[in-house]
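Enquirer:
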Amino acid sequence: MAPAPSTAQTADRAFEVLDAIADEGAGRLTDIVARTGLERRVVSRLLASLVRADLIEPGPGGTYDLGSRLIEIGELAETRNPLRAKSRPVAQELMIRTRASTVIHRVRGSELSPVLVLTPTDVLAVSYPKRSRIPLHLGIGRAALAWLPPGEVAAVIDGAPLDHEVEAELDRVRATGVAISHGELVRGVTAVGAAIRTPEGRPVAVVVVAAPEGAHPERYADQVAAAAKQISSSLTPADRQRI
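Quick note on numbering: the sequence shown equals residues 1 to 243 in the UniProt record's numbering.
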């Protein structure tokens, strides 16, 4: 008999099931098995547990979709995360004006982690990887890296590929206020990012617009920079401590 899975392993698998439904929509048991690569009996057991917790809801034709409890959790997360709450209206307006996917990333150590992803529905928009972590020395990560103290910048880029080019790019970011990434996160996608900073100038987050290269989102650089400044000014000292 196979050993019982650990609590951590069970939690990881449950998140795999939730992610599979969140990313690709409602599906039958066989669909979710195919998406996750987990054994049928494992997925069946996880679905039953998630349904009992109202995290997953059974639907017509034997399908499963996200449950109402996730909406409640999301609303709580929104109210408890000042970055999401304060940046959402600005990001929403930026998305409407640019007609491009608009993302807010938090600075987490030497990486960016997305906390808010908005995608327009009236145009062909890029599918932004919602759980991606972006190193600060790559692409739009440089929008934050450029504003870190020199010692921290050196620690991040030491040994990183093309570090001299990165240093030159950081000078451009400081001069223009934005970082532009051509296909570094997703092939064929251009992203423009600007740092959300404290009054002392330290980056705490990055606002990004991303669109297919042919849409030339770099033309929105000034709007992205303005959005970053607007969000920066809206964050109180208490907010910044909770980001």
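Where a beta carbon is used, it is the ideal one built from N, C-alpha and C, also for glycine. On a predicted model such as this, the values are computed, not experimentally measured, just so you know.
1. Output the distance between the C-alpha atoms of Pro58 and Val51, rounded to the nearest integer angstrom.
2. Measuring alpha carbon to alpha carbon, tell me which of Trp147, Gly67 and Glu167 ends up nearest Ser49.
3. Do Ala179 and Ile243 have their CB atoms nearer than 7 Å?
4. Compute the beta-carbon to beta-carbon distance between Val206 and His105, rounded to the nearest angstrom, for a pair I have assumed lies under 8 Å.
5. Applying the 10 Å Cβ sphere with the 16-neighbour rule, what's the burial state of Glu213?
6. Have a look at Pro203 and Lys229 and give me their C-alpha separation to the nearest angstrom.
7. Taking Cβ to Cβ, would you say Thr63 is nearer than 7 Å to Arg28?
8. Can the beta-carbon of Ala194 be found closer than 7 Å to that of Gly177?
9. Alpha helix (DSSP H) containing Ala215: first to last residue?
10. So what's Ala225 in DSSP terms, helix, strand or just coil?
11. When DSSP labels each residue in this structure, what does His182 get in the three-state scheme?
12. Considering Ile56, what are the terminal residues of the beta strand (DSSP E) in which it resides?
13. Beta-carbon within less than 8 Å of Glu16's beta-carbon, same chain only, minus the 5 sequence neighbours each way: which residues are those?
14. Can you list, in chain order, the residues of its chain with a C-beta nearer than 6 Å to that of Val209? Leave out the 5 residues immediately preceding and following it.
15. Once DSSP output is grouped into helix, strand and coil, what is the label at Thr198?
16. Keeping to the same chain, check which residues put their C-beta closer than 7 Å to that of Ser232; ignore five residues upstream and five downstream.
17. Report the three-state DSSP secondary structure of His105 (helix, strand or coil).
18. Looking at Met95 and Pro114, is the spacing between their C-beta atoms short of 7 Å?
19. Would you kindly report the start and end of the unbroken beta strand (DSSP E) that includes Pro237?
20. Grab me the residues of Val234's own chain with a C-beta within less than 6 Å of its C-beta, minus the 5 sequence neighbours each way, in chain order.
21. Just list the beta strand (DSSP E) runs in the region 34-83, keeping only unbroken ones of 3 residues or longer that don't cross its boundaries, in chain order.
22. Taking only three categories from DSSP, how would you classify Ala2?
23. Roughly how many whole angstroms lie between the Cα atoms of Ala154 and Ala144?
Expert: The structure says:
1. By 1-based counting over the sequence shown, the position of residue 58 is 58. By 1-based counting over the sequence shown, the position of residue 51 is 51. Approximately 7 Å between the Cα atoms of the pair.
2. Within the sequence shown, the letter at position 49 stands for residue 49. The shortest Cα separation from Ser49 among Trp147, Gly67 and Glu167 belongs to Gly67.
3. The residue given as residue 179 occupies position 179 in the sequence shown. The residue given as residue 243 occupies position 243 in the sequence shown. No; because the gap between Cβ atoms is not below 7 Å, this pair is not in contact.
4. As a working mapping, residue 206 is identified with position 206 in the sequence shown. As a working mapping, residue 105 is identified with position 105 in the sequence shown. Yes, Val206 and His105 are in contact; Cβ-Cβ is about 5 Å, under 8 Å.
5. The sequence position of residue 213 within the sequence shown is 213, counting from 1. Residue environment analysis places Glu213 among the exposed positions, since fewer than 16 neighbouring C-beta atoms fall within 10 angstroms of its C-beta.
6. Numbered from 1 along the sequence shown, position 203 holds the residue referred to as residue 203. Numbered from 1 along the sequence shown, position 229 holds the residue referred to as residue 229. Taking the straight line from one Cα to the other gives about 11 Å.
7. By 1-based counting over the sequence shown, the position of residue 63 is 63. By 1-based counting over the sequence shown, the position of residue 28 is 28. Closer than 7 Å, so yes.
8. Locating residue 194 in the sequence shown gives position 194, where the first residue counts as 1. Locating residue 177 in the sequence shown gives position 177, where the first residue counts as 1. It is a contact, given that the beta carbons lie within the stated cut-off.
9. In the sequence shown, the residue the question calls residue 215 occupies position 215. No alpha helix (DSSP H) contains Ala215, which DSSP labels as neither H nor E.
10. Residue 225 sits at position 225 when you count from the first residue of the sequence shown. Secondary structure of Ala225 (DSSP, three-state): helix.
11. Here residue 182 corresponds to residue number 182 of the sequence shown, with the count starting at 1. Strand, per DSSP.
12. Within the sequence shown, numbered from 1, the residue matching residue 56 stands at position 56. Segment Ile56 to Pro58, the beta strand (DSSP E) holding Ile56.
13. What you label residue 16 is simply residue 16 of the sequence shown in a count that begins at 1. Hits under 8 Å: Thr36 and Leu38.
14. Position 209 of the sequence shown, counted from the first residue, corresponds to residue 209. Cβ within range, chain order: Thr98, Ala100, Thr102, Val192, Pro217, Tyr220 and Val224.
15. Counted from its first residue, the sequence shown places residue 198 at position 198. Coil.
16. Counting from one through the sequence shown, the residue named residue 232 turns up at place 232. Correct list, in chain order: Ile196 and Arg197.
17. Residue numbering aside, residue 105 sits at position 105 when the sequence shown is read from its first letter. Three-state DSSP puts His105 in a strand.
18. Here residue 114 is taken as the residue at index 114 of the sequence shown, counted from 1. Here residue 95 is taken as the residue at index 95 of the sequence shown, counted from 1. No, these two residues do not count as a Cβ contact at 7 Å.
19. Sequence index remark: in the sequence shown, residue 237 carries index 237 (1-based). Element bounds for Pro237: not the beta strand (DSSP E) but the alpha helix (DSSP H), Pro237 to Arg242.
20. For the purposes of this step, residue 234 is taken as residue 234 along the sequence shown, with counting starting at 1. Checking the sequence shown, residue 234 turns out to be Ser, not Val. Around Ser234: Lys86.
21. Listed in chain order, they are 56-58 and 63-66.
22. As a first step, residue 2 must be located in the sequence shown, where it is residue number 2. In this predicted model, Ala2 has a pLDDT of only 48, less than 50, meaning its place in the structure is not dependable; the value taken from the coordinates is given anyway. Looking at Ala2 - three-state DSSP - the assignment turns out to be coil, as it is neither helix nor strand.
23. Residue numbering aside, residue 154 sits at position 154 when the sequence shown is read from its first letter. Residue numbering aside, residue 144 sits at position 144 when the sequence shown is read from its first letter. As the crow flies, the alpha-carbon of Ala154 is around 14 Å from that of Ala144.
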